Structure formats: structure tokens, C-alpha cells
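Colleague: For what it's worth, full-length UniProt numbering labels the leading residue of the sequence shown as 1, then goes sequentially.
Cβ atoms here follow ideal geometry from the backbone N, Cα and C, with glycine treated the same way.
Please read all numbers here as calculations on a predicted model, not as lab measurements.
Dropping the structure in here first, questions after.
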Amino acid sequence: MLKGIGKSHGKTIIMGEHAVVYGYPAFAIPLLSTPVIVKIKQSENNSLISKYYAGKIDQIPDSLAGVKYLIGLLDNKMNTEHVNYTISIDSGLPIERGMGSSAAIACAITRAFFDFFDQELDHQTLLNYVNKSETVTHGKASGLDALTVSSEYPIKFSKDEAPKAFTFNSEGFIVIADSGVKGKTKETVADVKKMYDENTKVVGAYLKQLGDYAADANKYLNQGNLKQLGLVFSLANEILTKLNLAIPKTDKLIDAANHAGSLGSKITGGGRGGCIICLARNLTNAQMIQKALVKNGAEQTWIQPLSIYAEDSEID
């Protein structure tokens, strides 16, 4: 009996959201503590098992159009013997929270198919398949999610430069909390653009400040200066709030994290929902922040050590 397995993980933007649209740099990190695992095994019927949908593959709903399209592409490419199979998706990532859920699932599905049919998969081919799925899911894929969910290291990206992986030497932990409110990235990007067009001087200055904070964050990560990095988190969140990207729920979570000892906390991603990220000095501090976030209504939380992104770290 044929079997295959594919793995990936989520992602979060550390710094630079929205400003990146205007040419400034942004940084995303892979969340290795949020695994996505896809298994394929030979079976009597072509079916999908997941928390989003369970049933025949040809009846996958429009809400999973990107998944259905990707499965069709991979099947047409490799399944010359017309083997039937069952695909199982195991993912704890929430959808529409800026954590790369759809890209992570597409990445794991692609890796599982190539494993199932015992074919070699190079990284560029993987990215091509994930971005095709993402284009169906989101309308237009930036490529950032595909890069980060398939990488073990952070990704720096901007409009004018090719994305590249980087490393840094820093202790500390990132705590991510899901507000339980779906993010509205397409809407918020359009609204910031409208604000920019109507008041270019003021909003342009805000965006430049976010770009400067991204550069500062990169510097402090390399220095391992958690105190200054936390301050940059909080300052960036003030700008994001001025851009009308905060909602009461994310404000409440950020306040709870800061009162629990976070060095700094901010919205991550498109805003008006989605997730926040917090900086903790050590694991005990991270767990205290996590407890406070849950107490104040976080749907899910994750803790990620920053030390795993060092150049000499051993990542499985």
C-alpha cells in the first residue's frame, strides 16, 4: 500500500506589515511550533479528511478551492496509474489570522504527494505549486507565505528586493495569540491606501516610521537586545493603531500581555483582528504572558524560542 507524508508550519510577521506595500522592508519568521502534517494513503476512493471538510475530493467546497485545485494539479502530474487515495490534513493553525494557514497546508500537501509517488521535489517546484494554490485562494499571491512556511529560517522581503533567508543570535521568546477575530488584510490594505492618498504627508510619515522600526528590529535581533526590541514592538503598535488597524479585542490582549511582563507587544499582519505577538525575556516570562492572554480571551496561543533562528542552531 502506498503512503506519503508532508510537513510544514505557520508563520508570523515580526515587523513591517503594511509599510512593505510602500517599499519598506518587512520580516517574517517560521513558526516551527505550529506544525501542519498531511498524510496520504492508498484507498478505495479519493477522499479528504480534515477539520475543514471531510468527504470526496471532487466535492470539496468552494471555501477550499485552492486545496481542490492543487490536488488536481498534483494528481494530473503524477498519478499516471489512477491510484485512489485518502488525504488527511492535521493542522492547528486558524484560518484568516495572518499565520499562513492556506500556504502551510498547500506546502504539506505538495510534499506529501511527491513522497506518495516517490518523486524528487526541489524547492522552486514546491514554491510554484504553493503559489498556484495561493493564487486561487487569495486572488494574488505575494510569495511570502510560501517562502516562510517552507523555510526553517526567517525571511526578509521588500517590493524592490528578492526575498532572502537570514539568521540572528538572540535569546528570548515570541508569544503569539489568536484574537479569535478573522483578519481583514485585503480591506485594511485598501483602507491604508485611501488614507495615504488623502493625507500623503502624515500617513507617509507613519509608514516610513514602520519601515525604520523594521530596520531597528533587525539590528536588535542581531544584537540580542531584547529590551530595545520590545520597545520597538510597542512603538510600532502605536503607529499601527494610528492607521486604524486595532480593535478592542487586540487592544485588550496587548494590555494583558504587557501587564504580565511582556517586553513589548504588537498587532501582526493585516490588523483589525488576527493575531498579536509579544516578546518575552525567558520561558517563565513567556508562560506568564500566555496565561494572561488565555485569561483575557485569546482563542489559541503559541510560544516560539528565538534562539532556534541562530545560524548554528540544530533544527529538525
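Which of the three DSSP states, helix, strand or coil, is assigned to Q223?
Modeller: The three-state secondary structure of Q223, taken from DSSP, is helix.
Colleague: Expressed to the nearest angstrom, what Euclidean distance is found between the alpha-carbon atoms of L144 and A103?
Modeller: Cα to Cα, the separation comes out at about 9 Å.
Colleague: Terminal residues of the continuous beta strand (DSSP E) containing S91?
Modeller: Y85 to S91
Colleague: Going straight from the alpha carbon of A246 to that of I308, what length do you get?
Modeller: A direct Cα-Cα distance of roughly 30 Å separates A246 from I308.
Colleague: So, using beta-carbon positions, are S262 and A236 closer together than 8 Å?
Modeller: For S262 and A236, no; Cβs fall outside 8 Å.
Colleague: Reducing DSSP to helix, strand and coil, say where K208 ends up.
Modeller: helix
Colleague: Write down the C-beta distance between K11 and M78 rounded to the nearest angstrom, noting that I regard them as a contact closer than 8 Å.
Modeller: K11 to M78, Cβ: 27 Å. No contact.
Colleague: For N45, tell me which candidate among Y213, V83, P61 and V38 has the shortest Cα-Cα distance.
Modeller: V83
Colleague: Pairs of beta-carbons, one from the stretch 153–169 and one from the stretch 9–23, closer than 8 Å: are there three or more?
Modeller: yes
Colleague: Just checking my contact of L74 with T110 at CB under 8 Å: how many whole Å lie between their CB atoms?
Modeller: 7 Å
Colleague: Would C278 and V202 qualify as a contact pair, given that the criterion is a beta-carbon distance under 8 Å?
Modeller: no
Colleague: Beta carbon of A298, beta carbon of A177: below 8 Å?
Modeller: yes
Colleague: Beta carbon of I276, beta carbon of K266: below 8 Å?
Modeller: yes
Colleague: Nearest CA to the CA of S150: which residue from S88, F168, L126 and T137?
Modeller: L126
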